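Numbering (our numbering), first residue to last: 959 to 1286. Note that the Cβ used here is the ideal one computed from N, Cα and C, for glycine as well. Here the structure is a predicted model, which is why all the values come from computation and not from measurement. Report on the following structure.
Shown next as structure tokens:
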């Protein structure tokens, strides 16, 4: 894509291309034996935790397994590593942290989601002591995301930031001369995130907004949810996140029942279905992320979006075959 091409033209082109691919993908196709495909599109946004997409893959796998003849929504995950809602960045960060607002208009125009699920906060405090200025920037960014999503016709589901699992202390404010960052966070950084999470939960009173507390269950299982990396949850931590979201699935997709993830993971189809869902997301959603564009340095996946959609359709056929066999 020509980076000098006017942004509005790029957005219009992407909207036409990507929507056609979404509608033609196996997630919206139907066959005589296939499950009914809903036109509902659920978009996940967030930082590197959402970019890893493990909790999103857990969610989609569970929804596919639980559905009988219920419409299955199209789940699209476009998380971006290092991203914030606040627009803040540590001075020592290798590059300026991208803000979701640089790409949000393009994402919404391209995907046209019915529901936006957003999980921000871990990076937004930029690993510093609590400050009114930093939380105000976070609040402003989250509220702007809500406004833009509503203007695009989407409801918003906000997840609290997960906890920081590093070495903690009861330290209060620390001299601003101390330069903390993601490599050496403020010792009481989780207390900062607790304030961010507390504020997120107050937004449940807004029209068109629901909130889900993923922080509390992760704190209960914090030893199992993180390995040596105190910022990014391990697979068990992602499973805890997914469990919390699926318990409130009826808030995301009205009239749908909550999903019991623990029971579904015992299904003999779980491992293979999860592998296919993960593969399809890596092929299509990652390519879509780069086609829409963002400011994070890195190399785009090889191939075209058309090729990614074709491969995603092939994987979708395998998913349908597996699910049909499970019903027979």
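Buried versus exposed call for residue i [16 or more other C-beta atoms within 10 Å across all chains shown]
i	result
residue 1053	exposed
residue 1284	exposed
residue 1129	In this predicted model, residue 1129 has a pLDDT of only 48, less than 50, meaning its place in the structure is not dependable enough to derive any value.
residue 1004	buried
residue 979	Residue confidence is low: residue 979 scores 47 on pLDDT, short of 50, so the model does not pin down where it sits. No coordinate-derived value is stated.
Secondary structure of residue i, DSSP reduced to three states
i	result
residue 1291	Since the displayed the chain opens at 959 and closes at 1286, residue 1291 lies outside it and no answer follows.
residue 1076	strand
residue 1048	coil
residue 1287	Any property of residue 1287 remains undetermined from this structure, which presents the chain solely from 959 to 1286.
residue 1022	helix
residue 1055	coil
residue 998	strand
residue 1118	coil
residue 1191	coil
residue 1223	coil
residue 1105	helix
CA-to-CA distance, residue j to residue i, given in whole angstroms
i	j	result
residue 1234	residue 1084	35 Å
residue 1045	residue 1140	16 Å
residue 1220	residue 1136	44 Å
residue 1272	residue 1008	25 Å
residue 1210	residue 1122	26 Å
residue 1184	residue 1247	27 Å
residue 1180	residue 1125	12 Å
residue 1031	residue 1262	25 Å
residue 1089	residue 1098	14 Å
residue 1058	residue 1258	18 Å
residue 1276	residue 1260	23 Å
Integer Cβ distance of residue i from residue j, believed to fall under 8 Å
i	j	result
residue 1034	residue 1243	6 Å
residue 1289	residue 1043	Because the chain here runs from 959 to 1286, residue 1289 falls outside it and cannot be looked at.
residue 1020	residue 1217	5 Å
residue 1056	residue 1245	Rounded, the Cβ-Cβ distance is 18 Å, inconsistent with contact.
residue 1036	residue 1000	Rounded, the Cβ-Cβ distance is 11 Å, inconsistent with contact.
is_contact[residue i, chain C] using C-beta, thresh 8 Å
i	result
residue 1048	Among the chains in the structure shown there is no chain C, since it carries only a single protein chain.
Original post:
How about the segment 1184-1201 and the segment 1013-1021: do they share at least three Cβ pairs that are nearer than 8 Å?
Top reply: Yes: at least three Cβ pairs fall under 8 Å.
Original post:
Is there contact here, the segment 1166-1186 with the segment 1095-1115, by at least three beta-carbon pairs under 8 Å?
Top reply: The segment 1166-1186, when compared against the segment 1095-1115, does touch it at the 8 Å Cβ threshold.
**OP:** Evaluate the contact criterion for the segment 1074-1093 versus the segment 1152-1165: three or more CB pairs, one atom per stretch, below 8 Å.
**Re:** The answer is yes - the segment 1152-1165 touches the segment 1074-1093, with three or more Cβ pairs under 8 Å.
Original post:
Quick check: the segment 1141-1151 against the segment 1065-1078, are there 3 or more CB pairs under 8 Å?
Top reply: They do not touch, by the three-pair rule.
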